[in-house]
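For the protein sequence lines, the chains are A and B, in the order given. Residues in the first sequence are numbered from -9 upward in steps of one, following the working numbering. Residues in the second sequence are numbered from 1376 upward in steps of one, following the working numbering. For each residue, glycine too, the CB sits at the ideal point set by N, CA and C.
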Amino acid sequence: MVYVALFITYIFINNFILTQFLGLCPFIGVSKNSESAIGMGMAVTFVMGIASIITWLVYNLLLVPLNLTYLQTLSFILVIASLVQFVEMVIQKNSPGLYQALGIFLPLITTNCAVLGIAVMNITEGYNLMESFVAGIAAGIGFTLVLVLMSNIRERMDLHPVRKSFRGIPIAFISGGLMALAFMAFDNSLLTNLLG
Amino acid sequence: MANERKQVLTRGIFKENPVFILMLGLCPTLGVTTQVINGLGMGAAVIFVLVFSNIFVSLLKNIIPNSVRIPSYIVIIAAFVTIVEMVMHAFAPAIYESLGIFLPLIVVNCIILGRAEAFANKNSLTDSFLDAIGMGVGFTLAVTLIALIREVFGAGTITLIPMGSFSGVLEIPLLYTYPVRIFSLAAGALLLMGYLKAFFEWTANRKRG
């Protein structure tokens, strides 16, 4: 049950892009067409899931016993950067098809706030290993959902006459704001109603 | 020469403002701007990290091998972010609490890595320092502007540092009783950012004629 709650929380209630403002750069940068939005979303979800596990292990098995928790930021970003590099190499070697779909997005993920964000959040929220993994995957799915919705909105917007000053990024932000308003319908009372 | 230097310093503030023109570092820009003091705190932290990372990248540009430069920059940046975290935790615990997760996230702020990659690893120490100051001040101004608008309209207050008999919070008469709540919500931040960006596009277009 706690996993279902985590899923709903990170996909809808605390959606990373719309309520926490994590991962805004790809939200604006990679949302021009829906194909690349799906690719980016899948790559981020994948890396967030694995990064959640590894950073949790690094923090609890390495930093805490050695009393080095102040190195959290430094070690997490190093873990994420090398993980992304590693994932890129593995995918390139074992499944060229997947590499073609995700390849160009992987280097961008290192500097995606969402990945480091979930790693830090897992620690501050005090999740255990399994909860961290679920939270990571759920946050990634939430990120993908909003990115894909946004790319569809922007694809349609291209066909409409938008005032010159609003074209491109400004109207994308405003659509995002309206989407965030819609997402406010998902709040904690939804969770209590659903799960009792 | 002096003129060039001046341009390096000032272009980050207006012509190439990292937030409004280059659209970098958006996550903290919207995430922490519910109070003016958070904007200022974030700005100060970013200026510190940006200045020192630019200085060190510029100093080490001939030593770092090209193939591992990005990881090296990240390590340099992360080290200074850790310092900022510790200093803020010790001396400004209130701001530390309210910046929360966005403080460690300075590591992945695109402005800092972007300046290291695009400017500091090609230019001299002085130029890199001036560039960092310009970009940092530009970021701080942008963040403070957004925070000011959001706090004034969304809560009817302006929160600054408490000093002596001054509690640190200014109340704006009418807006304090009837605040426009949407400005302090997440949706309001995105909408405001969209309208501000449109405004800057409009002014730029008008200048170009």
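Reduced DSSP category for residue i - H, G, I as helix; E, B as strand; rest coil
i	result
B/Glu1391	coil
B/Glu1546	strand
B/Met1589	No answer is possible for residue 1589 of chain B: the residues shown for chain B start at 1376 and end at 1584.
B/Thr1534	strand
A/Phe6	coil
A/Phe123	helix
B/Phe1541	strand
B/Asn1429	helix
B/Asp1502	helix
A/Ala27	helix
A/Ser21	coil
A/Ile164	helix
A/Gln82	helix
A/Arg144	helix
B/Asn1378	helix
A/Ala175	coil
B/Gln1410	coil
B/Pro1446	helix
A/Thr100	coil
A/Met(-9)	coil
A/Gly87	helix
A/Pro16	helix
B/Glu1526	helix
Member of the options whose CA lies at the smallest distance from the CA of residue i
i	options	result
A/Leu64	B/His1464, B/Val1426, B/Val1482 and B/Leu1565	B/Val1482
A/Leu168	B/Ala1522, B/Leu1565, B/Leu1549 and B/Ser1559	B/Leu1565
A/Leu121	A/Ile143, A/Ile70, A/Gln10 and A/Ile44	For the record, residue 121 of chain A in the displayed sequence is Glu; it is not Leu. Considering only alpha carbons, the answer is A/Ile44.
A/Val20	A/Val54, A/Pro160, A/Met140 and A/Leu185	A/Met140
B/Gly1529	B/Gly1513, B/Ser1503 and B/Ile1557	B/Ile1557
B/Ile1536	B/Gln1410, B/Pro1554 and B/Leu1434	B/Gln1410
B/Thr1385	B/Ser1473, B/Asp1502, B/Lys1497 and B/Ile1438	B/Asp1502
B/Gly1414	B/Asn1392, B/Met1461 and B/Ser1473	B/Ser1473
A/Met32	A/Gly132, A/Met147, A/Lys22 and A/Glu115	A/Gly132
A/Thr9	B/Pro1446, B/Phe1574 and B/Pro1403	B/Pro1403
B/Gln1382	B/Ala1507, B/Thr1534 and B/Phe1574	B/Ala1507
B/Met1461	B/Ala1495, B/Val1424 and B/Leu1435	B/Val1424
B/Asn1437	B/Ser1499, B/Ser1542 and B/Met1538	B/Ser1499
B/Leu1399	B/Val1518, B/Leu1550, B/Tyr1570 and B/Ile1547	B/Val1518
B/Val1544	B/Ala1561, B/Leu1523 and B/Tyr1553	B/Leu1523
B/Lys1497	B/Val1450, B/Asn1441, B/Ile1476 and B/Pro1468	B/Asn1441
A/Ala71	A/Ala41, A/Thr182 and A/Trp46	A/Ala41
A/Tyr49	A/Leu119, A/Cys15, A/Ala91 and A/Ser179	A/Leu119
B/Ala1469	B/Val1394, B/Pro1554, B/Ile1547 and B/Gly1416	B/Gly1416
A/Ile159	B/Trp1577, B/Ala1467, B/Lys1390 and B/Arg1444	B/Trp1577
B/Gly1387	B/Leu1549, B/Ala1467 and B/Phe1494	B/Phe1494
A/Asn23	A/Leu185, A/Ala175 and A/Ala162	A/Ala162
Those residues which DSSP pairs with residue i across a bridge
i	result
B/Phe1466	Note: B/Phe1466 sits in no beta bridge, so no partner.
Rounded distance between the beta-carbons of residue j and residue i, thought under 8 Å
i	j	result
B/Val1426	B/Gly1511	7 Å
B/Asn1392	B/Gly1513	5 Å
B/Cys1485	A/Thr100	About 11 Å; that fails the 8 Å criterion.
A/Tyr60	B/Thr1532	Between B/Thr1532 and A/Tyr60 the Cβ distance is about 34 Å, and since that is not below 8 Å, they are no contact.
B/Ala1573	B/Leu1478	About 30 Å separates the two Cβ atoms, so there is no contact after all.
A/Leu92	A/Ile81	7 Å
Proximal residues of chain C, C-beta to C-beta of residue i below 7 Å
i	result
B/Ile1449	Absent here is chain C; the protein component of the structure consists of chains A and B.
Return the residues of the segment 1488 to 1520 of chain B that lie within a Cβ-Cβ distance of less than 8 Å from chain A, sorted by chain order. Leu1488
For the segment 136 to 158 of chain A, enumerate the residues whose C-beta is nearer than 7 Å to any C-beta of chain B, in chain order. Lys154, Ser155 and Phe156
To be precise: take each residue of the segment 38 to 64 of chain A, compare its Cβ to all Cβ atoms of chain B, and keep it if any distance is under 9 Å. Which residues remain? Tyr60, Leu61, Gln62, Thr63 and Leu64
Which residues, taken in chain order from the segment 1435 to 1462 of chain B, show a beta carbon closer than 9 Å to some beta carbon of chain A? Ile1445, Pro1446, Ile1449, Val1450, Ile1452, Ala1453, Ala1454, Val1456, Thr1457, Glu1460 and Met1461
Taking beta-carbon pairs under 7 Å, can you tell me which members of the segment 1475 to 1486 of chain B lie near chain A? Ile1476, Pro1479, Leu1480, Val1482, Val1483 and Cys1485
Short-range partners of chain B found in the segment 161 to 178 of chain A, where Cβ spacing is below 9 Å: Ile161, Ala162, Phe163, Ile164, Ser165, Gly166, Gly167, Leu168, Met169, Ala170, Leu171, Ala172, Phe173 and Met174
If contact means a Cβ-Cβ distance below 9 Å, which residues of the segment 1549 to 1577 of chain B contact chain A? Answer in chain order: Ile1557, Leu1560, Ala1561, Ala1562, Gly1563, Ala1564, Leu1565, Leu1566, Leu1567, Met1568, Gly1569, Tyr1570, Leu1571, Lys1572, Ala1573, Phe1574, Phe1575, Glu1576 and Trp1577.
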